[in-house]
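>
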Amino acid sequence: MTILPPHHLDLAGHRRRNGVVPWVAYHGEDGRDRLIEAVAAADLRGRGGAGFPTAVKLRSARAPRSVVVANGCEGDPLSHKDAALLTLSPHLVLDGLQLAAHAVGAGEAVLCVHAGSPVLPSVFAALAERDDPVPVRVEEIPRRYVASEETALVHYLTSGDARPLGKSPRPDERGVRGRPTLVDNVETLAQLALVILLGPQHYLSARRDLVTVTGVVRRPGVVEVAPGAPLTAVLAAAGGETEPVQAVLVGGYGGTWTSDFRFGVSGIPAVYALPARACGLEYTAKVLAFLAAESARQCGPCMFGLPAIAADFAELLRGGPSTARLARRLPPLTGRGACAHPDGAARLAASALQVFGADLAAHSAGGRCRILERVA
Amino acid sequence: MKVTVDPIGCRAHGLCADLLPEAVRLDEWGYPVVASGPVPPGLVAEARRAVAACPALALRLRKD
Ligand code: SF4
Ligand code: SF4
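In order, the protein sequence lines correspond to chains A and B.
Quick note on full-length UniProt numbering: the first sequence kicks off at 1 and runs consecutively.
Quick note on full-length UniProt numbering: the second sequence kicks off at 1 and runs consecutively.
1. Counting only beta-carbon separations shorter than 8 Å, does residue 4 of chain A have a partner in chain B?
2. Return the first residue and the last residue of the alpha helix (DSSP H) that residue 203 of chain A is part of.
3. Report the rounded CA-to-CA distance for residue 333 of chain A versus residue 159 of chain A, giving the unit in angstroms.
4. Per DSSP, which residues does residue 4 of chain B bridge with? Please list them.
5. Looking at residue 338 of chain A: is its Cβ nearer than 8 Å to the Cβ of residue 164 of chain A?
6. Using beta carbons (cut-off 8 Å, strictly below), is residue 304 of chain A in contact with chain B?
7. Tell me the DSSP secondary structure of residue 209 of chain A in three-state form.
8. Would you grab the beta carbon distance between residue 35 of chain B and residue 300 of chain A for me? Rounded to a whole angstrom, and I think it's under 8 Å.
9. Is residue 13 of chain B a contact residue of ligand 2, with contact defined as CB to any heavy atom under 7 Å?
10. With residue 182 of chain A as the anchor, note down where its beta strand (DSSP E) starts and where it stops.
11. Any beta-carbon of chain B closer than 8 Å to the one on residue 144 of chain A?
12. Find the residues of chain A that neighbour residue 7 of chain B, judging by a C-beta separation of less than 8 Å, and give them in chain order.
13. Which value, in whole angstroms, describes the spacing of the CA atoms of residue 318 of chain A and residue 255 of chain A?
14. Who are the neighbours of residue 10 of chain B on chain A, taking C-beta pairs under 7 Å?
15. Determine the chain A residues that contact residue 27 of chain B at a beta-carbon separation under 8 Å, and present them in chain order.
16. Between the alpha carbons of residue 23 of chain B and residue 10 of chain A, how many angstroms are there, rounded?
17. Expressed to the nearest angstrom, what Euclidean distance is found between the alpha-carbon atoms of residue 421 of chain A and residue 105 of chain A?
18. Is there a C-beta anywhere in chain A that falls below 8 Å from the one on residue 1 of chain B?
19. Along the chain, where does the alpha helix (DSSP H) that runs through residue 25 of chain B open and close?
20. Against residue 33 of chain B, what residues of chain A qualify as contacts under a CB-to-CB distance less than 9 Å, listed in chain order?
21. Hey, would you say the C-beta of residue 310 of chain A is under 7 Å away from at least one heavy atom of ligand 1?
22. Does at least one heavy atom of ligand 1 sit under 7 Å from the Cβ of residue 296 of chain A?
23. Name the two residues that bound the continuous beta strand (DSSP E) containing residue 32 of chain B.
24. Which residues share a DSSP beta bridge with residue 241 of chain A?
25. What is the rounded straight-line gap between the Cα of residue 344 of chain A and the Cα of residue 253 of chain A?
26. Would you kindly work out how many angstroms separate the C-alpha atoms of residue 26 of chain B and residue 48 of chain B, rounded to a whole number?
27. Taking CB distances under 8 Å as the criterion, tell me whether residue 20 of chain B reaches chain A.
28. Looking at the secondary structure, which residues open and close the beta strand (DSSP E) in which residue 137 of chain A lies?
29. Just grab the DSSP bridge partners of residue 230 of chain A for me.
30. What's the C-alpha gap between residue 33 of chain B and residue 60 of chain A?
31. Are residue 190 of chain A and residue 93 of chain A close, meaning C-beta to C-beta below 8 Å?
32. Scan the stretch 257–333 of chain A and note each continuous beta strand (DSSP E) run of 3 residues or more that stays entirely inside, going in chain order.
33. Can residue 7 of chain A and residue 85 of chain A be called in contact, C-beta distance under 8 Å?
34. What number of angstroms, rounded off, separates the C-alpha of residue 251 of chain A from the C-alpha of residue 201 of chain A?
35. For residue 20 of chain A and residue 50 of chain B, I'd like the C-alpha separation in whole angstroms.
36. DSSP three-state label for residue 10 of chain B, please.
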């Protein structure tokens with residue numbers, strides 16, 4: 001099984017390749033139960049990063065007049081898998097969205113993408129070809145990193161403000177305009193459609209995850225890998241390394257550096273392969289500065305903590321003694337924001353300090369790097 | 001019972017750390033870091049008082 005076709009599929013092409021949703025088998029209230037059972041049997045988990053069981057989410061959002069939201073706002077600059085999906089196989093996502101809407105009994109479906117996103121033409125072309133029972137509205141969300149967070153989307157759809165709302169109430173209790181709301185990443189919905197099109201048994205044996213691979217690989221882009229595949233296999237799927245790789249950033253900007261290539265990749269949207277000739281601290285400092293600038297500035301630990309650790313990294317690069325301060329600052333950043341944004345930044349920073357020991361020593365000894373050649 | 005902070009509501013007034021130093025300390029920017037464990041029974045009344053005193057209504061006491 002491959003999820004992504006080589007070029008954009010129109011409705012007829014999609015049906016030829018992926019088949020037609022067997023709606024009659026899921027008719028009515030019993031049908032909804034069977035649909036959710038099938039999703040549970042396939043052990044489908046959210047592909048937006050959190051890895052939460054989709055069937056559990058479907059069950060808890062089941063309510064009259066609920067809303068289903070497809071999250072196609074890919075905030076992470078290292079991830080393009082959702083864009084690839086919406087460009088090449090929009091009908092697979094839309095089939096999944098209709099199935100999810102049916103499963104929870106929603107009368108309203110919203111597909112969210114970033115404002116001005118290049119996927120819009122493909123999405124509108126696909127919608128024009130369909131005659132769906134639940135009408136799908138496309139919403140263009142402001143291009144911010146945290147706007148793609150689940151509660152931020154719900155907040156935006158209700159009030160036009162794309163900042164995260166915090167941990168309670170959860171969207172499945174009170175979401176868009178106060179209604180129970182199911183928010184699923186677009187890849188999750190495409191996978192859901194495949195569960196139903198293939199049947200859970202076949203799906204389980206053929207399952208592939210989408211991962212964006214960038215950095216020094218021969219064919220950077222979106223690849224399909226078996227869940228839990230080791231990093232070596234993920235890099236190989238992108239054509240393999242073009243030069244020695246020092247470490248891999250697993251999970252995008254809020255992810256973890258590792259130099260263990262046996263590391264199993266599961267539920268990860270993106271990996272980036274850093275060449276040996278690049279400085280890991282410098283790359284991390286750039287990412288931290290980006291993450292600090294993307295804070296929604298609502299929560300103190302995020303609003304002050306992220307710029308502080310970004311500045312600590314900038315100081316490390318100049319040979320300053322900020323490692324002790326980082327060791328003190330990083331642990332209390334986790335779990336104290338209304339969303340997981342600061343947790344991701346803290347994770348990234350902590351893993352960089354662990355993995356780039358050689359760079360760290362070089363900087364603190366000489367105020368500069370062992371690396372003389374810059375990598376763009 | 002557990003002390004929690006609503007991170008969006010909190011305005012770093014710091015009162016909570018004065019009233020309940022056993023369970024709340026402030027980070028370097030004045031925002032509370034709360035103990036993760038349950039509030040000891042002897043402190044529950046104090047904790048209630050601190051919750052009521054938070055000017056931003058950001059400090060909460062939650063059954064765990
Ligand atoms: S943790 Fe940061 S990004 Fe998340 S809601 Fe608070 S301020 Fe915004
Ligand atoms: S008293 Fe309230 S506003 Fe002040 S620091 Fe404590 S929780 Fe935040």
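Glycine included, C-beta positions come from ideal geometry on N, C-alpha and C.
Straight from the coordinates:
1. For the purposes of this step, residue 4 of chain A is identified with residue 4 of the first sequence, where counting begins at 1. It does not: the Cβ of residue 4 of chain A has no partner Cβ on chain B nearer than 8 Å.
2. Here residue 203 of chain A is taken as the residue at index 203 of the first sequence, counted from 1. Unbroken alpha helix (DSSP H) run through residue 203 of chain A: 200–206.
3. Translated into positions along the first sequence, residue 333 of chain A becomes position 333. Translated into positions along the first sequence, residue 159 of chain A becomes position 159. One C-alpha to the other measures close to 28 Å.
4. Looking up residue 4 of chain B in the second sequence gives position 4. In the DSSP output, where bridge partners are listed per residue, residue 4 of chain B has B:60.
5. By one-based count along the first sequence, residue 338 of chain A stands at place 338. By one-based count along the first sequence, residue 164 of chain A stands at place 164. In contact: residue 338 of chain A and residue 164 of chain A (Cβ atoms closer than 8 Å).
6. If you number the first sequence from 1, residue 304 of chain A lands on position 304. For residue 304 of chain A, the answer is yes, since a Cβ of chain B falls inside 8 Å of its Cβ.
7. Here residue 209 of chain A refers to the residue found at position 209 of the first sequence. Three-state result, residue 209 of chain A: strand.
8. Here residue 35 of chain B is taken as the residue at index 35 of the second sequence, counted from 1. Here residue 300 of chain A is taken as the residue at index 300 of the first sequence, counted from 1. Between residue 300 of chain A and residue 35 of chain B the Cβ distance is about 18 Å, and since that is not below 8 Å, they are no contact.
9. Position 13 of the second sequence holds residue 13 of chain B. Yes, since a heavy atom of ligand 2 falls inside the 7 Å radius drawn around the Cβ of residue 13 of chain B.
10. Numbered from its first residue, the first sequence carries residue 182 of chain A at position 182. Here the beta strand (DSSP E) through residue 182 of chain A covers 181–185.
11. As a first step, residue 144 of chain A must be located in the first sequence, where it is residue number 144. Answer no: the Cβ-Cβ gap between residue 144 of chain A and chain B never drops below 8 Å.
12. Position 7 of the second sequence, counted from the first residue, corresponds to residue 7 of chain B. Those within 8 Å of residue 7 of chain B in chain A are 166, 298, 299, 300, 301, 302, 336, 337, 338.
13. Along the first sequence, read from residue 1 onward, the residue named residue 318 of chain A stands at position 318. Along the first sequence, read from residue 1 onward, the residue named residue 255 of chain A stands at position 255. Spanning the two alpha carbons is a distance of roughly 24 Å.
14. Start at 1 with the first residue of the second sequence, and residue 10 of chain B comes out as number 10. In chain order, 300 make up the part of chain A whose C-beta sits under 7 Å from the C-beta of residue 10 of chain B.
15. Within the second sequence, the letter at position 27 stands for residue 27 of chain B. What residue 27 of chain B touches in chain A: 300, 301, 305, 332.
16. Start at 1 with the first residue of the second sequence, and residue 23 of chain B comes out as number 23. Start at 1 with the first residue of the first sequence, and residue 10 of chain A comes out as number 10. Cα to Cα, residue 23 of chain B sits roughly 59 Å from residue 10 of chain A.
17. Lying before the first or after the last residue shown, residue 421 of chain A is absent from chain A, which here runs from 1 to 376.
18. Position 1 of the second sequence, counted from the first residue, corresponds to residue 1 of chain B. It does not: the Cβ of residue 1 of chain B has no partner Cβ on chain A nearer than 8 Å.
19. By 1-based counting over the second sequence, the position of residue 25 of chain B is 25. Per DSSP, residue 25 of chain B belongs to no alpha helix (DSSP H); it is in the beta strand (DSSP E), 24–26.
20. In the second sequence, the residue the question calls residue 33 of chain B occupies position 33. Simply 301, 332, 336.
21. As a working note, residue 310 of chain A is residue 310 in the first sequence. No - ligand 1 has no heavy atom lying nearer than 7 Å to the Cβ of residue 310 of chain A.
22. Start at 1 with the first residue of the first sequence, and residue 296 of chain A comes out as number 296. Checking every heavy atom of ligand 1 against the Cβ of residue 296 of chain A, one is found closer than 7 Å.
23. By one-based count along the second sequence, residue 32 of chain B stands at place 32. Residues 32–34.
24. Taking the first residue of the first sequence as position 1, residue 241 of chain A is located at position 241. Within the DSSP bridge table, the entry for residue 241 of chain A names A:217 as partners.
25. Translated into the one-based positions of the first sequence, residue 344 of chain A becomes position 344. Translated into the one-based positions of the first sequence, residue 253 of chain A becomes position 253. Distance between the alpha carbons of residue 344 of chain A and residue 253 of chain A is about 8 Å.
26. On the second sequence, position 26 is the one that residue 26 of chain B refers to. On the second sequence, position 48 is the one that residue 48 of chain B refers to. CA-to-CA, the gap between residue 26 of chain B and residue 48 of chain B works out to about 19 Å.
27. Counting from one through the second sequence, the residue named residue 20 of chain B turns up at place 20. Not an interface residue.
28. Your numbering for residue 137 of chain A matches position 137 in the first sequence. 136–141 is the extent of the beta strand (DSSP E) around residue 137 of chain A.
29. Taking the first sequence and counting its residues from 1, one reaches residue 230 of chain A at position 230. Answer by DSSP bridge pairing, in chain order: A:264.
30. As a first step, residue 33 of chain B must be located in the second sequence, where it is residue number 33. As a first step, residue 60 of chain A must be located in the first sequence, where it is residue number 60. Cα to Cα, residue 33 of chain B sits roughly 32 Å from residue 60 of chain A.
31. As a working note, residue 190 of chain A is residue 190 in the first sequence. As a working note, residue 93 of chain A is residue 93 in the first sequence. A contact, by the Cβ cut-off of 8 Å.
32. With a minimum length of 3 residues, the unbroken runs of beta strand (DSSP E) contained wholly in the stretch 257–333 of chain A fall at 270–275.
33. Walking along the first sequence from the start, residue 7 of chain A turns up at place 7. Walking along the first sequence from the start, residue 85 of chain A turns up at place 85. Contact: no.
34. By 1-based counting over the first sequence, the position of residue 251 of chain A is 251. By 1-based counting over the first sequence, the position of residue 201 of chain A is 201. Rounded to the nearest whole angstrom, the CA to CA distance from residue 251 of chain A to residue 201 of chain A is 28 Å.
35. As a first step, residue 20 of chain A is located in the first sequence; it is residue number 20 there, counting from the start. As a first step, residue 50 of chain B is located in the second sequence; it is residue number 50 there, counting from the start. Taking the straight line from one Cα to the other gives about 60 Å.
36. Taking the second sequence and counting its residues from 1, one reaches residue 10 of chain B at position 10. Looking at residue 10 of chain B - three-state DSSP - the assignment turns out to be coil, as it is neither helix nor strand.
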